[in-house]
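For the sequence shown, my numbering gives the first residue as 344, with consecutive numbering after it.
Here a beta-carbon is modelled for each residue, glycine too, at the ideal position from N, C-alpha and C.
On a predicted model such as this, the values are computed, not experimentally measured, just so you know.
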Amino acid sequence: MYDVIVVGGGPVGGYTACQLTDQGFEVSLFEEDDEVGKDVICTGVIGTEAFKQFNLPRTAILSRIKSIIFFC
């Protein structure tokens, strides 16, 4: 039995699974594709703090937004 099941092996799912594993949780990651990280389709909404924390290249920024509303 797992402590946590993460659905989706995209950037956030993979990061979350790694963080939980590092904290000692038993984690299972489910991804619909055969290869994790291949042809990732996501909103592309990444806060500027992620670029600083993970040393991401600024050339990856296609456009900027001032606000966003998520409906779940």
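Contiguous alpha helix (DSSP H) assignments of at least 4 residues, all confined to the stretch 368 to 405: DSSP runs (the alpha helix (DSSP H)) wholly in the stretch 368 to 405: 391 to 396.
Closest by C-alpha distance to ASP377, when choosing among GLY351, ILE408, ILE404 and ASP346: Taking the sequence shown and counting its residues from 1, one reaches residue 377 at position 34. Checking every option, the nearest Cα to that of ASP377 belongs to GLY351.
Residues bridged to ASP347 [DSSP beta-bridge criterion]: Your numbering for residue 347 matches position 4 in the sequence shown. Sequence check: residue 347 is Val here, not Asp. VAL370, per the DSSP bridge assignment.
8 Å Cβ cutoff met for VAL370 and VAL347: Start at 1 with the first residue of the sequence shown, and residue 370 comes out as number 27. Start at 1 with the first residue of the sequence shown, and residue 347 comes out as number 4. Yes; because the gap between Cβ atoms is below 8 Å, this pair is in contact.
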